[in-house]
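Numbering of the sequence shown is given in UniProt numbering, commencing with residue 1 and proceeding in unit increments. Glycine included, C-beta positions come from ideal geometry on N, C-alpha and C.
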Amino acid sequence: MRTNAWRLVWNILALLGILILTLLYPAIDYYRVSMHIHWENRWALFLLIAVPWILMRVTVGMDKRVPTFRFPALALVARVSPGWRANLRDLPGILRTGALFLAVIALARPQDIARGEHADEQGIDMVVLLDLSGSMRAVMDGEGGNWNVGVNPGQRVTRLDTAKEVINDFIRRRRSDRIGVVVFGRSAYVLSPPTLDYQLLTTLVQRMELEMIDGNGTAIGDAIGVGVARLRRGNARSKVLIVLTDGDSNAGMISPEYASQLAQIQGVKIYTIQIGTGDEVEVQNGVDLFGQPHYVRAHFPVNPALLNSIASQTGGESFIAADRQGLENSMHAILDRLEKTRFSSQTATVKDLFMIFLAPAGFMIMAEVILRLTLVRRFP
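As C-alpha cells, then:
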C-alpha cells in the first residue's frame, strides 16, 4: 500500500513536470505581451476535478487487473529481473491524463483580450432617441424601393421600419462618432450607451420591435433626460441628441421643457425630427380571412411647436420628415452642422488560445499510443 502511495505521488509530480514543460514556451510568450485571459466556457473547468481520479485509475489502478497470461512455473518468472522498461509502465497513463487535462482547458476556450494602443480620433458624441410608441406602426409615406428589407410579404413599410433602416444607414456612414441609442414609449430606456462598435449598434437597432417596451404613451421629456445623463460622461466638445418621434409628449415623469433646460446647462444640442405631417395615415388592424394585412386610417396628434421649441432652446434645429427620403436627408443635414472634437479611443482584439492546449494534447495521445505499442507493451 505504501509503495502504491509513493508511486502515485511520483506520477503526480511527473504529470506536473510534463505539463510545465509543454506549456513553458506559450506561457513565457504570452506573459511577455501581458495576456488578459477570458474563459468563454467556464463550466468546463469543473471537469478538472476528475483528473486525480483518472491519474490513479490509469496508473496504480492498472495493477489491480486480473492476470490472464499463465506460466507453468511462477518461481521461474519471479527470478527474472523486471528490467528498465518496468519503470516506464506508468508513463502512458501519465500522458493520457495530461492530454485529458489539456483537452479540458481547450474546451473552456481561453481567450486573450488584447488592448490596442490609444489613438486620437475626431468625432461627435451623440445619442439617437427613437420613439417606440404605438403610432410608429403607421405606414410610412413614400414607402418602396430597397427599404422593404425585413418586412413580410403583403405588409407595408411602417414608420418604425423606415426609422430603423435610416438609423442603421446613418451609423454605417460614420467613422469616428460615438453613437448611442435610447428608446422611449411610456418610459425611456438605454438600448446602447455611446460607442464606436457600430456592428453591435446596428444589430441592436435592427432587433428593435414595438412590443419590447410599453408603447402606450410618448415620454419625450424622459428620453431627453436619459440621453443627457449618458452624454454627461463624455468629454467631447460636440454633444448631440437626435429626437425621432411622430407624436406629442403625453407621458413620463419629466416635462420636455425641463429636460431641455437640463440639456442646455450641460451644453447638449438637441435636434428634433418629426416623422409625418400629422395627417391621417394607414395603420394595420389585424388580418383578413385570407391572412392578408388589413389597414384602417387613423390620426395621431403631433406637436411641431414643442419640437421646434426644444431644438431652438438648446441651439439645435427642428425638421419635419414627411417620407423616408426626408428622414434620411434630415439625419445627414444634422451632421453637417456639427463641430468634431478630438478624443482618444482604444481598440480591443480577441484571440482564441485553445490550440495552445489542444495541440500538445494530441501529441501526448500519439506518444501514449507509441509507448504502448513499443517500450511498455503489456500482455493481456
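Residue i: CB within 6 Å of a non-hydrogen atom of the ligand HEM
i: Met253; result: The model on display carries no ligand, and the ligand HEM is accordingly not part of it.
Residue i vs residue j beta-carbon contact at 7 Å
i: Gly217; j: Ile254; result: no
i: Ser260; j: Ala219; result: no
i: Tyr258; j: Gly316; result: no
i: Val190; j: Val128; result: no
i: Val226; j: Lys164; result: no
i: Gly185; j: Asp214; result: yes
i: Asn303; j: Asp246; result: no
i: Glu328; j: Val166; result: yes
i: Thr314; j: Lys269; result: yes
i: Met126; j: Arg159; result: no
i: Phe363; j: Ala106; result: no
i: Val228; j: Ala263; result: yes
i: Ile54; j: Thr97; result: yes
i: Ala367; j: Leu95; result: yes
i: Pro256; j: Ile334; result: no
Which of helix, strand or coil DSSP assigns to residue i
i: Ala108; result: coil
i: Met212; result: helix
i: Asn329; result: helix
i: Val205; result: helix
i: Asn285; result: strand
i: Leu129; result: strand
i: Arg156; result: coil
i: Gln274; result: strand
i: Val139; result: strand
i: Ile124; result: coil
i: Phe300; result: coil
i: Ala367; result: helix
i: Ala321; result: strand
i: Asp279; result: coil
i: Asp161; result: helix
i: Asp352; result: strand
Residue i, buried or exposed, once every other Cβ within 10 Å from all chains shown has been counted against 16
i: residue 397; result: Because the chain spans 1 through 380 in this model, residue 397 falls outside it and cannot be assessed.
i: Lys351; result: exposed
i: Thr162; result: buried
i: Gly150; result: At Gly150, the pLDDT of 48 sits below 50, so the modelled position is not reliable; the number obtained from the coordinates is stated separately. Looking at its Cβ environment, which holds fewer than 16 other Cβ atoms inside 10 Å, Gly150 is exposed.
i: Arg172; result: exposed
i: Ala108; result: buried
i: Asp131; result: buried
i: Arg207; result: exposed
i: Phe46; result: exposed
Contacts around residue i, its chain only, beta-carbon distance under 8 Å, and the 5 residues preceding and following it disregarded
i: Pro281; result: What sits at residue 281 in the sequence shown is Val, not Pro. Contacts found: Ala138, Val139, Asp141, Arg297, Ala298, His299, Phe300.
i: Gly267; result: Lys239
i: Ser312; result: Ser318
i: Arg230; result: Val127, Gly180, Val182, Val190, Pro193, Pro194
7 Å CB neighbourhood of residue i in its chain, flanking five on each side removed
i: Gly145; result: Note on Gly145: pLDDT 41, under 50, position unreliable in the model; the coordinate value appears next. Closer than 7 Å at Cβ, skipping near neighbours: no residue.
i: Ser133; result: Gly185, Gly215, Gly217, Thr218, Gly247
i: Asn148; result: Confidence at Asn148 is low in this model, with a pLDDT of 47, below 50, so the placement of that residue should be treated as unreliable; the coordinate-derived value is given next. Closer than 7 Å at Cβ, skipping near neighbours: Val157.
Residues near residue i by beta carbon distance below 6 Å, same chain, minus five either side
i: Phe319; result: Ile273, Ser330
i: Ala361; result: Ala99, Leu102, Ala103
i: Arg372; result: Pro92
i: Val51; result: Phe101
i: Leu307; result: Thr272, Gln274, Ser318
i: Leu353; result: Pro110, Asp112
i: Ser192; result: Gly180, Val181, Leu201, Leu204
i: Gly278; result: Val302
i: Gly276; result: Asp246
| Inside the stretch 173-255 only - beta strand (DSSP E) runs reaching at least 3 residues | Qualifying beta strand (DSSP E) stretches, in chain order: 178-184, 188-195, 239-245.
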